[in-house]
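Remarks on the structure that follows.
Here it is in structure tokens:
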């Protein structure tokens, strides 16, 4: 009888672990980086050379840059204040939403964390960032495994 209960407990534990891993992986993969393909600058650069003011105020995600020269994205605010661009290594990155450059270039968030407003934040158990940045659970509802009110 004891060995049967032990086997059942082991099987249930394994099944629960697999379900938990699948749920966490799905939740975490949905918000690894900000989803924008381009950044719209809040203030166009003064020395824009394009005929179109709109084209001069757009930087494509991952645009090549050089921190010493041709630094087109050094501390530039974008997407109505939700983005802050810096030249990290050789590409423009949003340090408010890039989990590999969170807050500053080279600051990587750990597993189970996402870059929320420039801070590595645990999105698995945080009621203010449940599953992704700025997704709040209802008052009194817990965030468990990236889901509000997980049963």
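Numbering (the working numbering), first residue to last: 6 to 156.
Even glycine gets a Cβ: it sits at the ideal position worked out from N, Cα and C.
Unbroken beta strand (DSSP E) run spanning residue i, endpoints
i           : result
residue 82  : 81-83
residue 114 : Note, residue 114: premise wrong, no beta strand (DSSP E); not H, not E.
residue 64  : 63-65
residue 108 : Residue 108 -> no beta strand (DSSP E), and no H or E assigned at all.
residue 96  : 96-99
residue 91  : 88-93
residue 43  : 43-45
Same chain, Cβ closer than 8 angstroms to residue i, five either side skipped, listed in chain order
i           : result
residue 138 : 36, 102, 119, 120, 121, 122, 126, 128
residue 131 : 148
Contacting residues, own chain, Cβ-Cβ under 7 angstroms from residue i (five flanking each side not counted)
i          : result
residue 43 : 63, 64, 65, 66
Between the CA atoms of residue j and residue i - distance to the nearest angstrom
i           : j           : result
residue 72  : residue 124 : 23 angstroms
residue 55  : residue 45  : Low confidence applies here, because residue 55 scores a pLDDT of 48, under 50, leaving its location unreliable and the question unanswered by this model.
residue 145 : residue 116 : 26 angstroms
residue 75  : residue 68  : 11 angstroms
residue 135 : residue 141 : 6 angstroms
residue 113 : residue 16  : 35 angstroms
residue 107 : residue 70  : 18 angstroms
residue 12  : residue 6   : 10 angstroms
residue 57  : residue 96  : Confidence at residue 57 is low in this model, with a pLDDT of 47, below 50, so the placement of that residue should be treated as unreliable; the coordinate-derived value is given next. Distance between the alpha carbons of residue 57 and residue 96 is about 24 angstroms.
Beta-carbon spacing of residue i, residue j below 9 angstroms
i           : j           : result
residue 78  : residue 104 : no
residue 81  : residue 47  : yes
residue 110 : residue 85  : no
Own chain, CB closer than 6 angstroms to residue i, minus 5 neighbours either side, in chain order
i           : result
residue 147 : none
For the segment 112-120 against the segment 88-96, do three or more pairs of beta-carbon atoms, one drawn from each stretch, fall closer than 8 angstroms, so that the two count as touching?
Proximity of the segment 112-120 to the segment 88-96 falls short of the contact definition, fewer than three beta-carbon pairs being nearer than 8 angstroms.
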